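My numbering applies: residue 14 is where the sequence shown begins, and numbers increase by one.
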Amino acid sequence: MLRRVRDPLVAVVVLAVVIAAGWWVSGTARAEVRSPLAAALAAAPAGTTVLGLTDWQRIRDVGSDDPGARDLTTRSVLDDLGDAVPNALGWSSDDVAWEAYVQDPTAAGVLVVAPGPDLSWSRLEAGFRRAGFADAGGGRWTASAEVLGTTGLGDQLADVRLLRRAGLLVAGSDSAAVEKVVRAATGRAPALTSVRRAVDTAAPLADADTVLLQAGSLGCEDAAVSAESADQAEAAQARAGRLAGYVYSGRALTDGGGSGPSAQTATFAMTFDDVARARRQAPVRERLATGPFVGRSGQVEDELRDPEVAVDQATVSLSFDRSADGTVLMLGAGALLFAAC
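1) Could you tell me if D325 is buried or exposed, where buried requires 16 or more neighbouring beta carbons within 10 angstroms of its beta carbon?
2) For Q227, does the count of other Cβ atoms within 10 angstroms reach 16, so buried, or fall short, so exposed?
3) In the DSSP assignment, what are the bridge partners of M283?
4) From this set, V307, T280, A215, which residue's C-alpha is nearest E241's C-alpha?
5) For R292 and A323, what's the separation of their Cα atoms in angstroms?
6) Can you tell me whether A237 is helix, strand or coil according to DSSP?
7) Along the chain, where does the beta strand (DSSP E) containing L91 start, and where does it finish?
8) Under a three-way DSSP split, which group does T267 fall into?
9) In whole angstroms, what separates the C-alpha of D338 from that of A216?
10) As an exercise, report each continuous beta strand (DSSP E) stretch of at least 3 residues that is fully enclosed by the region 150 to 188, in chain order.
11) Please name the residue or residues paired with V126 in a DSSP beta bridge.
12) Helix, strand or coil for P203, going by three-state DSSP, please let me know.
13) What's the call for L218, buried or exposed, on a 16-neighbour Cβ count within 10 Å?
14) In the DSSP assignment, what are the bridge partners of T214?
15) Taking 8 Å as the threshold (C-beta atoms), are T199 and D172 in contact?
16) With DSSP run on the structure shown, which of helix, strand or coil describes D338?
17) Helix, strand or coil, according to DSSP, for D244 in the structure here?
18) First and last residue of the beta strand (DSSP E) that includes V63?
19) Opposite Q277 in the DSSP bridges: which residues?
20) Report yes or no: do the region 275 to 284 and the region 328 to 337 share at least 3 C-beta pairs separated by less than 8 Å?
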């Protein structure tokens, strides 16, 4: 079902207001934010090309014993580190509100963590000190290769910054990349909130448990079908209409808990270079969201059901019902013709 948002600016304005005015300062002097995705956009540098968000508070609310099996922690660095963080540092994702991983083409990825209300700065500092990190002053902690190897933390935590006023922990293997994020998160450099296409794309994904945003053609490339399926893709487009490239894209999962064919909602968002192209592309992508699953086996409906398509200015979003044990979507890789170019 295709629908157009009645007021096309509402979603963008709401997200912008959350970003601009959603901060409050608690009695412990930690800044909190009402929207994790808005906060992640505000911490990511404007040049970010990939942003992955894991909303740990929402995932805990789902109540699953194995959120990884439900594709909810696929974007998580903390989950990848396994027991290394609790064993070495004394805290875990259970103590975290949300985390994001931001990347740009010129630098290594950077981890951004929003500590939960029970994870104090003193507890964080004590954990780094106990693990053998060096206190470099000003909220900066560094670890040698030996410490990182012994603890199993890996180089992602080689350079850590504790940003008390922003309420964030920022960490990475490349100090220059970490500094870029620090500058954006503290308002000293443009953040991803200044990139209108990123904000537009994020708007339909704002309430999800896990989000992946990609700039430029990255989403097109990741959703493309293989050469072996090129003829099938061509035939599908001959029936449904031609795909056109977008300039920003995202995907997200929202988990309602439990099982069954509607346990989760999967949402895909694509922002085009103008409104007219978005309106032309919406019905094309809706038609491609049913029928043979080009590049995979079976039908699209075996994995993604009851598509709902919306157009908001130059952004097209498609939302589907899906089971929690379906194909992994949040890696961002694998043929999805309706999300390709």
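Beta carbons are placed, not taken as given, at the ideal position from N, Cα and C, and that holds for glycine.
Just so we're clear, the structure is a prediction, and the values are computed from it rather than from any experiment.
Judging by the given coordinates:
1) Within the sequence shown, the letter at position 312 stands for residue 325. The C-beta of D325 has 16 or more other C-beta atoms within 10 Å across all chains shown, which makes the residue buried.
2) Sequence index remark: in the sequence shown, residue 227 carries index 214 (1-based). Around the beta carbon of Q227, 16 or more other beta carbons sit within 10 angstroms, so the residue counts as buried.
3) The residue you call residue 283 lines up with position 270 of the sequence shown. For M283, which the question treats as bridged, DSSP gives the partners S262, V329.
4) Here the question's residue 241 lines up with position 228 in the sequence shown. Here the closest residue by C-alpha is V307.
5) Residue mapping note: residue 292 aligns to position 279 of the sequence shown, counting from 1. Residue mapping note: residue 323 aligns to position 310 of the sequence shown, counting from 1. Their Cα atoms are separated by approximately 9 Å.
6) What you label residue 237 is simply residue 224 of the sequence shown in a count that begins at 1. DSSP places A237 in the coil class of the three-state scheme, outside both helix and strand.
7) The residue given as residue 91 occupies position 78 in the sequence shown. That residue, L91, is in no beta strand (DSSP E); its alpha helix (DSSP H) goes 90 to 94.
8) Locating residue 267 in the sequence shown gives position 254, counting from the first residue. Strand.
9) As a working note, residue 338 is residue 325 in the sequence shown. As a working note, residue 216 is residue 203 in the sequence shown. In a straight line, the C-alpha of D338 is about 26 Å away from that of A216.
10) 153 to 155, 172 to 176, 181 to 185, all fully within the region 150 to 188.
11) For the purposes of this step, residue 126 is taken as residue 113 along the sequence shown, with counting starting at 1. Beta-bridge pairing links V126 to E112, L182.
12) Looking up residue 203 in the sequence shown gives position 190. P203 falls in the coil class under three-state DSSP.
13) Residue 218 sits at position 205 when you count from the first residue of the sequence shown. Buried is the call here.
14) Here residue 214 refers to the residue found at position 201 of the sequence shown. According to DSSP, T214 bridges with nothing at all.
15) The residue you call residue 172 lines up with position 159 of the sequence shown. The residue you call residue 199 lines up with position 186 of the sequence shown. Contact flag unset, no.
16) Start at 1 with the first residue of the sequence shown, and residue 338 comes out as number 325. It is coil, neither helix nor strand.
17) For the purposes of this step, residue 244 is taken as the residue at position 231 of the sequence shown. The three-state reading of DSSP puts D244 in helix, counting H, G and I together.
18) For this step, residue 63 is matched to residue 50 along the sequence shown. From DSSP, the beta strand (DSSP E) with V63 extends over 63 to 67.
19) Working through the sequence shown from its first residue, we reach residue 277 at position 264. According to DSSP, Q277 bridges with D268, R335.
20) Output reads yes: the region 328 to 337 touches the region 275 to 284.
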